[in-house]
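Report on one structure; see the data block that follows.
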Amino acid sequence: MPRTVDHAQRRAEIADAVVRAAARDGLHAVTIRAVAAESGSSIRFVQYYFATKAELLTGTLNHLEQLSHTRWQQRLAGLPDPPPARALVEAFCAEALPTDAPSRAFHLIGTSYAVLAMTDPELAQHPFVANIDRLEGRIAQALGQAQRIGELGEGIEVAAEATRLVMLTHGLGTSVLIGQHSASSAEEVVCYHLDQLFTAATSPESPTSGRHEPVDPN
Numbered sequence: 026m027p028r029t030v031d032h033a034q035r036r037a038e039i040a041d042a043v044v045r046a047a048a049r050d051g052l053h054a055v056t057i058r059a060v061a062a063e064s065g066s067s068i069r070f071v072q073y074y075f076a077t078k079a080e081l082l083t084g085t086l087n088h089l090e091q092l093s094h095t096r097w098q099q100r101l102a103g104l105p106d107p108p109p110a111r112a113l114v115e116a117f118c119a120e121a122l123p124t125d126a127p128s129r130a131f132h133l134i135g136t137s138y139a140v141l142a143m144t145d146p147e148l149a150q151h152p153f154v155a156n157i158d159r160l161e162g163r164i165a166q167a168l169g170q171a172q173r174i175g176e177l178g179e180g181i182e183v184a185a186e187a188t189r190l191v192m193l194t195h196g197l198g199t200s201v202l203i204g205q206h207s208a209s210s211a212e213e214v215v216c217y218h219l220d221q222l223f224t225a226a227t228s229p230e231s232p233t234s235g236r237h238e239p240v241d242p243n
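Residue numbers (my numbering): 26 to 243.
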């Protein structure tokens with residue numbers, strides 16, 4: 026009986042090889058030949074799944090993004106579904122910072138890809154900017170729902186704040202990768218910012234005390 030080929034698994038294995046090669050030599054040095062050697066396969070095998078270097082890099086970025094989204098959802102396990110707004114935002118910030126091997130890999134590849142795309146039209150065609158826009162939109166939705174029940178400070182512009190949160194974690198993440206800040210100090214900065222942003226109504230007389238409007242994380 027013929028063996029069933031798991032193409033998704035093979036793409037994931039190739040993407041993992043890209044991550045290892047990029048972590049060692051930099052994303053700019055990644056080639057199909059180098060990835061074939063890293064994965065212990067042939068150039069023809071890699072090209073079967075990713076015909077060009079641009080497809081290889083974009084495929085890896087998509088793979089890492091999906092894994093990051095899954096980890097984000099896992100951070101919300103045990104909470105109501107959908108989760109409260111602050112929990113959703115805290116989980117995003119925790120996942121966005123490079124505090125372990127998977128999150129470091131995603132941040133490294135994503136940042137390196139953005140730099141390469143500035144001067145490579147083929148890479149720039151990948152809708153990674155649209156992915157960031159969707160992320161900001163999801164955060165803005167969470168903040169908007171929190172604002173409606175009085176969990177945000179007065180005068181907060183949720184769209185601008187969503188952009189600031191995404192950019193804050195991105196900048197802090199890069200500073201962790203280059204050794205300017207530790208992961209723990211970056212987490213402290215994010216925690217400080219969220220404490221300034223969210224003003225949960227906890228007093229017994231507050232009309233919003235104990236209320237948590239859920240947010241769909243998908």
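Virtual Cβ for every residue (Gly too), placed ideally from N, Cα, C.
Just so we're clear, the structure is a prediction, and the values are computed from it rather than from any experiment.
query: Alpha helix (DSSP H) segment containing Phe-75, residue limits; result: No alpha helix (DSSP H) holds Phe-75; DSSP gives it neither H nor E.
query: Pro-109 - DSSP class collapsed to helix/strand/coil; result: strand
query: Buried versus exposed call for Pro-105 [16 or more other C-beta atoms within 10 Å across all chains shown]; result: exposed
query: The region 212-221 / the region 127-134 touching (three or more Cβ pairs under 8 Å); result: no
query: Cα-Cα separation between Leu-168 and Leu-202, rounded to whole angstroms; result: 28 Å
query: Of the listed residues Asp-50, Gly-84, Ser-93, Ile-39, nearest to Arg-69 (C-alpha basis); result: Ile-39
query: Minimum C-alpha distance to Gly-180 - residue among Ser-137, Thr-144, Thr-224; result: Thr-224
query: Close Cβ partners of Ser-231 (< 8 Å) along its chain, the five nearest in sequence each way excluded; result: Low per-residue confidence applies at Ser-231: pLDDT is 36, beneath 50, and the placement is therefore not dependable, though the value from the model is reported in the following sentence. For Ser-231, where only same-chain residues beyond five positions count, the Cβ hits under 8 Å are Gly-175.
query: Candidates Ala-46, Asp-145, Pro-107, Leu-197, of which the one nearest Glu-63 by Cα; result: Ala-46
query: Cβ distance (whole Å) where Leu-89 is taken to contact Phe-153 below 8 Å; result: About 11 Å; that fails the 8 Å criterion.
query: Under 8 Å between C-beta atoms of His-218 and Leu-193; result: yes
query: Rounded straight-line distance, which links the Cα of His-206 to that of Val-43; result: 26 Å
query: Pair within 8 Å by beta-carbon distance, Pro-127 and Leu-92; result: yes
query: Three-way DSSP call (helix, strand, coil) for Leu-177 in this model; result: strand
query: Length of the line joining the Cα atoms of Ala-139 and Val-191; result: 15 Å
query: Exposure of Ala-33, with buried meaning 16 or more beta-carbon neighbours within 10 Å; result: exposed
query: Straight-line Cα distance separating Cys-118 from Gly-65; result: 36 Å
query: Nearest-angstrom Cα separation, counted from Ala-76 out to Leu-82; result: 11 Å
query: Residue span of the alpha helix (DSSP H) that contains Pro-146, given as start and end; result: 146-149
query: 8 Å Cβ shell around Ser-200 - same chain, five flanking residues per side excluded; result: His-206, Ala-211
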